[in-house]
Every structure is written in C-alpha cells, then in structure tokens.
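Student: Before I ask anything, here is the structure I am working with.
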Amino acid sequence: MKKTYTLRSLLALIVSKLWFIMLMTFLLTAGSFLVSKFAVSPKYESYTTLYVKNNNAAGTNVNPDANVDLNDLNTAKSLAATYITVLKSNSVMEQVVEKMEEKYTVRELSQYFAVRKNKVIIASVGNCFSMSSVDGTEVIKITATTLNPQISADLCNTMAEIAPSFLIRIVGAGSVEIIDEAKPSERAVSPQVRLITLIGFIIGLHAGLLIVLFVDYFDDTIKESEELAIRYKKAVLSEVQELEPDSAIDRKKKPRISLLPLLTDDTIPFYISESSNPSEGKSTTASNIALALAQTGARVLLIDADMRKPVQHKTFKVSNSKGLSTLIIQRSTYEQAINKDIANNLDLLPSGPIPPNPSELLASEQFKSIIKRVTEDYEFIIIDTPPINIVSDTMVLNDSISGILLVLKYGETTYQDVNKCMKYIGLAKANLLGFVLNEIHRSHGRDYFSYKYRYKDYGGYGYGYRQSKEAAGKAAKEEEEAANEEADNENSEDEE
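The sequence shown begins at 39 in the working numbering and counts up by one.
The structure is reproduced here in structure tokens:
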C-alpha cells in the first residue's frame, strides 16, 4: 500500500522528528567548522598584473601623443590571450623553478612542491599558477597560491621578471609592462571557514529532512488505526496511550512488573481507567480486560496460558507452584490451581510450573475439558497466550475459544508481522475479533514479537517441568513432609 502525505502530516512528521533534524544540522555544521578551521592547511594567494601593449611592429616605440586605434586594442587583447598560453608552458615554468631554486633550497621548496631526485617537479609549480585577462582587457593577472604567503609572492614576481623578455623573444610582437608587484598576504584565501560552515549547515538541515522522510516512507510499522482497520477489515477496538513513571528515578527504583498499570491502580488517569486496555502489552491487556469485565459484576476467570513466559502470577502477586500446567496433567485440583477473588468477581488460573511441551498440553483433551468445566462457573474467560508469531500455542486453542484479540504495539509492530499473524489465524480458521493498538506516542526500544523464550528439561514432579527455585523448594519441602508423615504412620503401626 503506497504511503501518501498531506501538508499537515508532513508538518507533524517534521515536528515529531525535529530533534533528529536539529542534531544532524548541528553535527554537520560543527564538523564543517572544525575540519575547515583545524584540519585543512590554510593557503595564501598573491598576484601581479602585466599590461600588454601593441607596438604595431616589433621593436618600434609608440608615440605617447598618438591616438589609440581600436584595432591596436583588439590586437593587444589577442596578444594577452597568446601571452597567457605561452606563460603556462613548461619552458617558462622551468625558468621559474630555476629562479626559485636560487632563492630557496630544495628542502625548503619540498614543503610546498613535489620533489623527485632532489629536483622540484615543474608540474607541481605550474599547478600553483592561474592566469587570466582582466575583464577581457589587455591586462593579465597572474596569481599564485601556496601554503606560504612569501612563496606565493616570490612565484608571482619571478614570473613577472621572466615574462617580458621571454614573450618578446617567443612571440616577437607587442611588449609587456609590470603594473603591480606581488606582495605577501597574511590573510588566507582558503579554506573559507564561514562559507564551509554555512554549507555544512545547509547540507545538515537538508540531510536531516531527507533522512526523516526516507525512513518514514519505508517505515512499515503501524501508526494509523484507520489504515490498520481498512487493510484487514477488522475494527481497532481500542487505542491505548503509553504510561510512563513519574520520573527516571521512579523507573530505576521500581521493578519492571510494577510498571504494568492495572485498572485497580488509583493513580492511573480516568481516561485510561475507562479504557479496557492499558499501555504495556498483551499480558496486561488481558488482565485489564478481565478486570474491566469483572467490574461490571460478571464472574470472570483469567487464565495464563503463556506457559513459556508467564507473568500474570507476578502481576497479581500469587504463587505459581500450581496452575494450568499442573491442572492439565492432574497434579492439582481446581481448588488448588485457581486463585479465588484476586479482585472483585475475578479469579486467576496462573500458568503453573513451566513445562517442556506447552503446545501439546494446550492441544490436549484435558485442556478442552478444563475450559468446558470453567465455562459452567464463569460468564467470561480471558486467556493470555504467547505471541502468535513466535509459537503455535495460540492456534491450538482454536477449538476452545470464541475469538482472538490481537494486541499490536504502536510504532513497533509492522504490517509484515500482522500479515504473518493473519496467515496463521486464517490457517487455523480462527475468529479475529479485532485489534488493540498499544503504547501510542512512545519511543520504543524493543520489538513486541522479540520474545526470548528459553526452556530446558528439569526433573520437577517427574514430568520435566522447569520450576522456579521457590516452586522447586516448596515441592521438595512438601515431599519431605509427606515422607516424614508416612514414616510416622509406619512407626505407629509397628508400635500397635
């Protein structure tokens, strides 16, 4: 689906990413200034000017009182162009190098020109010169630019010294007079720090804007509930704003689980409490839906079927030593597994110890019978499952559930992720009730679907569960007490 923009959406995008644009602008501006100011060696420019005269014939003198003829001026201009070509020749540059070597040692010149076999390379000297006719007149401007102001001036004066006799000898027409003698300039002509800094500012500003537009155009994350609903023809049942701790200090002091807001938390603003969903993810969404339904007076059961990464027992601060996994394998009773009245009208069936085969347990007939049994006691049953895109646990529940509510994270879940979910849901012929768009306007740092499930084979209860230290210790204590009780009974029988 091709992304389109309006002026309003573009402005909103720029405002939301203004910090990045300003950062790019600052970095390139500062970088341009620092490089041009401290990393680039300054160059100094000196110049001399020569006046070309047409003497009508080589070797004759011009009458100063004679009128200047237009043809003479045109001839002088033509001579100026010819002189420039001649002065750029290697023959002239060789003489310039010879004169410079009389003033400076080769070692000194090697700091500014290329040297080979203790001889200054002519081309490196020629590259320092630029020559032009001033505004198309008979005046020739010769400029030299090097890293040393005195060297630049000496190059110009050496060229001006050589030029008249060389030109008359080679061209055989006209004459040349020196107008200005070159002088060292203490002001560097390059780098132009201000200009380069300004260019860096302009480039940085445009680069920031282009990067923001480029990234946003190819951004596949979900940010528009309307587009989401149109694409999949399913309603977005809720849009939930993110909740943040009061300060960074609170975030550091509080454990992560305490940041999961529930409808029972009086500190949550009213507009969040009225919503059936909070701002953290699927597990908290499930718990808040259960709480919202329970607040209507209906009897509600919340089942934590995420037997890979369960959190509901932490959210409601109950034991997870018994729960869904132990109930399925008949290692506990309903009374032992279900936590009654964790809130008004709300009961919780935690996941229980983590098994090595959660998908098999959820697909078992025993699980179906559990759902059938609790359906008789509760008006609503909310099941918290693992993410669809990670494992197939949710899909095996299709025969036992009425529908699926898909929780998506704003600015992080991609349409590709949703397409994958929809494919799984379609294959399972499950009923998708709609979407919840979660954590709107938040700076995200991790992907909702990047769960890192880990499970190993442990020997708890002899069924290969992975138990927490608390659960394992409690189980061992229970077995020890049972063994002691059995031993006492045997001793009592022996005494009788």
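Don't be surprised by glycine CBs; every beta carbon is placed ideally from N, CA and C.
CB isoleucine 160 to CB valine 144, shorter than 9 angstroms?
Tutor: Not a contact, by the Cβ cut-off of 9 angstroms.
Student: Could you compute how far the alpha carbon of alanine 119 sits from the alpha carbon of isoleucine 178?
Tutor: The alpha-carbon atoms of alanine 119 and isoleucine 178 are separated by roughly 9 angstroms.
Student: Is the beta carbon of proline 424 less than 9 angstroms from the beta carbon of alanine 343?
Tutor: Yes; because the gap between Cβ atoms is below 9 angstroms, this pair is in contact.
Student: Whole angstroms are fine: how far does the CA of threonine 181 sit from the CA of aspartate 218?
Tutor: Roughly 12 angstroms between the two C-alpha positions.
Student: Looking at C-alpha atoms only, which residue of Ile216, Ala330 and Ser162 is the closest neighbour of methionine 131?
Tutor: Checked all of Ile216, Ala330 and Ser162; the closest Cα to methionine 131 is Ser162.
Student: CB threonine 235 to CB serine 74, shorter than 9 angstroms?
Tutor: In this structure, serine 74 lies closer than 9 angstroms to threonine 235 by Cβ.
Student: Specify the secondary structure class of aspartate 485 as computed by DSSP and reduced to three states.
Tutor: A caution first: aspartate 485 carries a pLDDT of 39, below 50, which makes its placement in the model too unreliable to give a value.
Student: Can you tell me which residues form a DSSP beta bridge with aspartate 385?
Tutor: Partner(s): Leu339.
Student: Buried or exposed: which applies to phenylalanine 204, given that a residue is buried once 16 or more other Cβ atoms fall within 10 Å of its Cβ?
Tutor: Burial call: buried.
Student: Across the region 56 to 67 and the region 233 to 247, are there enough close Cβ pairs to call them in contact, namely three or more that are closer than 8 angstroms?
Tutor: At 8 angstroms Cβ cutoff, the stretches touch.
Student: When burial is assigned at 16 or more other CB atoms within 10 Å of the CB, is phenylalanine 354 buried or exposed?
Tutor: By the neighbour-count rule (16 or more Cβ atoms within 10 Å), phenylalanine 354 is buried.
Student: With DSSP collapsed to three states, give me the class of phenylalanine 71.
Tutor: Helix at phenylalanine 71.
Student: What is the DSSP secondary structure of serine 440, counted as helix, strand or coil?
Tutor: It is coil, neither helix nor strand.
Student: Look at the alpha carbon of valine 158 and the alpha carbon of leucine 233, and state the distance between them as a whole number of angstroms.
Tutor: Computed Cα separation, rounded: 34 angstroms.
Student: Alpha helix (DSSP H) containing alanine 330: first to last residue?
Tutor: Residues 320 to 333.
Student: What do you reckon, are the CB atoms on alanine 198 and proline 222 nearer than 9 angstroms?
Tutor: Not a contact, by the Cβ cut-off of 9 angstroms.
Student: Quick check on alanine 96: does DSSP put it in helix, strand or coil?
Tutor: Since pLDDT at alanine 96 reaches only 40, below the 50 mark, its modelled position is unreliable, and the value read off the structure follows with that caveat. It is coil, neither helix nor strand.
Student: What residue range is occupied by the uninterrupted alpha helix (DSSP H) comprising phenylalanine 204?
Tutor: 187 to 209 is the span of the alpha helix (DSSP H), which, as asked, contains phenylalanine 204.
Student: Who are serine 228's beta bridge partners in DSSP?
Tutor: Lys81, per the DSSP bridge assignment.
Student: What does DSSP give as the partner residues of lysine 179 in its beta bridges?
Tutor: Thr87 and Ser170.
Student: If leucine 275 sits next to phenylalanine 473, beta carbons under 8 angstroms apart, how far is it from one beta carbon to the other, in whole angstroms?
Tutor: The pair is a contact, with the Cβ atoms about 7 angstroms apart (cut-off 8 angstroms).
Student: Please tell me whether aspartate 422 and serine 359 are closer than 9 angstroms, where the distance is taken between their beta carbons.
Tutor: Result no, Cβ atoms of aspartate 422 and serine 359 do not sit closer than 9 angstroms.
Student: Starting from valine 274, follow its DSSP beta bridges and name the residues at the other end.
Tutor: Beta-bridge pairing links valine 274 to Phe473.
Student: Mind checking which residues open and close the beta strand (DSSP E) that includes phenylalanine 354?
Tutor: Taken as a continuous stretch (DSSP letters only), phenylalanine 354 belongs to no beta strand (DSSP E), as it is neither H nor E.
Student: Below 8 angstroms, can you find three or more Cβ-Cβ pairs linking the region 333 to 349 to the region 388 to 405?
Tutor: Because the criterion of three Cβ pairs below 8 angstroms is met, the region 333 to 349 and the region 388 to 405 touch.
Student: How far does the beta strand (DSSP E) with aspartate 218 in it extend, from its first residue to its last?
Tutor: 213 to 218 is the span of the beta strand (DSSP E), which, as asked, contains aspartate 218.
Student: Quick check on lysine 271: buried or exposed, where buried means 16 or more other Cβ atoms within 10 Å of its Cβ?
Tutor: The residue in question, lysine 271, is exposed, as its Cβ has fewer than 16 Cβ neighbours within 10 Å.
Student: Do alanine 220 and leucine 592 come within 9 angstroms of each other at the CB atom, strictly closer than that value?
Tutor: Since the first residue shown for the chain is 39 and the last is 534, residue 592 is missing from the structure and cannot be characterised.
Student: Just tell me which of Gln454, Tyr448 and Gly464 has its CA closest to the CA of isoleucine 442.
Tutor: Taking only the C-alpha atoms, the option nearest isoleucine 442 is Gly464.
Student: Hey, how far is the Cα of threonine 44 from the Cα of asparagine 457?
Tutor: Their backbone Cα atoms lie some 26 angstroms apart in a straight line.
Student: Around the C-beta of threonine 413, are 16 or more other C-beta atoms found within 10 angstroms, so that it is buried, or is it exposed?
Tutor: By the 10 Å Cβ count, threonine 413 comes out exposed.
Student: Given a threshold of 16 other Cβ atoms within 10 Å of its Cβ, counted over all protein chains shown, does aspartate 455 qualify as buried or as exposed?
Tutor: So aspartate 455 counts as buried.
Student: When the Cα atoms are used, what is the spatial distance from arginine 504 to leucine 399?
Tutor: Because the pLDDT of arginine 504 is 35, which lies under 50, any placement of that residue in the model is unreliable, and the question is left without a value.
Student: For phenylalanine 418, which of helix, strand or coil comes out of DSSP?
Tutor: Of the three classes helix, strand and coil, the one that applies to phenylalanine 418 here is strand, per DSSP.
Student: Just confirm the distance between the C-beta atoms of alanine 226 and proline 80, as a whole number of angstroms; I'd bet it's less than 8 angstroms.
Tutor: Yes, they are in contact, since the Cβ atoms of alanine 226 and proline 80 sit about 4 angstroms apart, within 8 angstroms.
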